[in-house]
Amino acid sequence: MAAQRIAALVGDFYHAPEAMRDSLSQAAGRIGFELRIFTDPAELPWDSLGDYRGLIMAKENRIAPAESNAVWATGKHESVIAGFAADGGAVLALHNGLASYDAEGAYFRTVRGGFQFHPKDHPRYQVRALPVDHPILAGFKVFELKDEMYFVRVDSSRTTRLVELAHADYGTSCAAWAHEVGRGRVFCFTPGHTAEVLNDPGCTRLLDQGLRWALRLT
Numbered sequence: 001m002a003a004q005r006i007a008a009l010v011g012d013f014y015h016a017p018e019a020m021r022d023s024l025s026q027a028a029g030r031i032g033f034e035l036r037i038f039t040d041p042a043e044l045p046w047d048s049l050g051d052y053r054g055l056i057m058a059k060e061n062r063i064a065p066a067e068s069n070a071v072w073a074t075g076k077h078e079s080v081i082a083g084f085a086a087d088g089g090a091v092l093a094l095h096n097g098l099a100s101y102d103a104e105g106a107y108f109r110t111v112r113g114g115f116q117f118h119p120k121d122h123p124r125y126q127v128r129a130l131p132v133d134h135p136i137l138a139g140f141k142v143f144e145l146k147d148e149m150y151f152v153r154v155d156s157s158r159t160t161r162l163v164e165l166a167h168a169d170y171g172t173s174c175a176a177w178a179h180e181v182g183r184g185r186v187f188c189f190t191p192g193h194t195a196e197v198l199n200d201p202g203c204t205r206l207l208d209q210g211l212r213w214a215l216r217l218t
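Here my numbering is used: position 130 in the sequence shown is 130, and no number is missing along the way.
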């Protein structure tokens, strides 16, 4: 069995890595896991991901979106992530880790959802559970956030939608979903643009329970 370690790829053009790094470090510490943070995809140990129990993706695919739509993830990168999950790894795709990946690629087929757009402003919306019975939702209580409101495409036939965002003007969008891939598990969660949001007790609880579920600790 792989060591009690998690790898996390964080930070991009629109998202400084510090807030996500701090949030994930605290989450890993609460379950007694070592977290290794990477900001450069080239430094992630692609050939030895099997040495880790989990992989957290919080990095969008575009390299410099203000200049071009060039992306960093090759078909090989996406295939490694897909294989990691199928072989029993835990994969978490958080916020920007759902952005700009090829909807026909192996990564999308693994996480089964992806960012489409968000309103220009950061509205205050409600985060509420959907009517499903799932360990990640144990003890869930409705809460509110002021954040980027991600609207996503989710392959609903191949995952379980857990939580939605709701706003009187913008409508609703799925915010969390989870499923199994081969022998592994995948959890996706869309809020998380700012440190304030990442430190919100509601977000922290969902991240903790999603991480525990994906790692089969519950």
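Idealized CB from N, CA, C, for every residue including glycine.
Candidates the options: closest to residue i by CA position
{"i": "Ser162", "options": "Ala58, Ala176, Lys59 and Trp46", "result": "The residue you asked about is not Ser; residue 162 is Leu in the sequence shown. Checked all of Ala58, Ala176, Lys59 and Trp46; the closest Cα to Leu162 is Ala176."}
{"i": "Asp47", "options": "Glu78, Val197 and Leu24", "result": "Glu78"}
{"i": "Gly171", "options": "Gly54, Arg128 and Thr74", "result": "Arg128"}
{"i": "Val181", "options": "Val197, Glu164 and Thr160", "result": "Thr160"}
{"i": "Phe115", "options": "Met57, Phe151 and Ala58", "result": "Phe151"}
{"i": "Asn220", "options": "Gly11, Gln4 and Asp22", "result": "Any question about residue 220 goes unanswered here, given that the chain covers just 1 to 218."}
{"i": "Leu206", "options": "His122, Leu92 and Ala70", "result": "Leu92"}
{"i": "Gly202", "options": "Ser100, Glu18 and Ile136", "result": "Ile136"}
{"i": "Met20", "options": "Thr218, Pro191 and His122", "result": "Pro191"}
{"i": "Lys120", "options": "Asn69, Lys146, Ala73 and Thr218", "result": "Lys146"}
Cβ pair residue i, residue j closer than 7 Å
{"i": "Arg13", "j": "Leu49", "result": "The amino acid at residue 13 is misidentified as Arg; the sequence shows Phe. Not in contact: Phe13 and Leu49 (Cβ atoms no closer than 7 Å)."}
{"i": "Phe187", "j": "Ala214", "result": "yes"}
{"i": "Asp51", "j": "Ala82", "result": "no"}
{"i": "Gly75", "j": "Ile6", "result": "no"}
{"i": "His118", "j": "Glu148", "result": "yes"}
{"i": "Ala42", "j": "Asn96", "result": "no"}
{"i": "Leu35", "j": "Ser25", "result": "yes"}
{"i": "Phe33", "j": "Gln4", "result": "yes"}
{"i": "Tyr125", "j": "Leu94", "result": "no"}
DSSP beta-bridge partners of residue i
{"i": "Arg124", "result": "Lys146"}
{"i": "Ala166", "result": "Gln126 and Thr172"}
Rounded Cβ spacing between residue i and residue j (contact assumed at less than 8 Å)
{"i": "Leu211", "j": "Ala27", "result": "6 Å"}
{"i": "Gly105", "j": "Arg153", "result": "Actually they do not touch by this definition, with Cβ atoms about 13 Å apart."}
{"i": "Gly184", "j": "Gly88", "result": "5 Å"}
Length-filtered (4 minimum) alpha helix (DSSP H) runs lying within the stretch 29–88: 75–86
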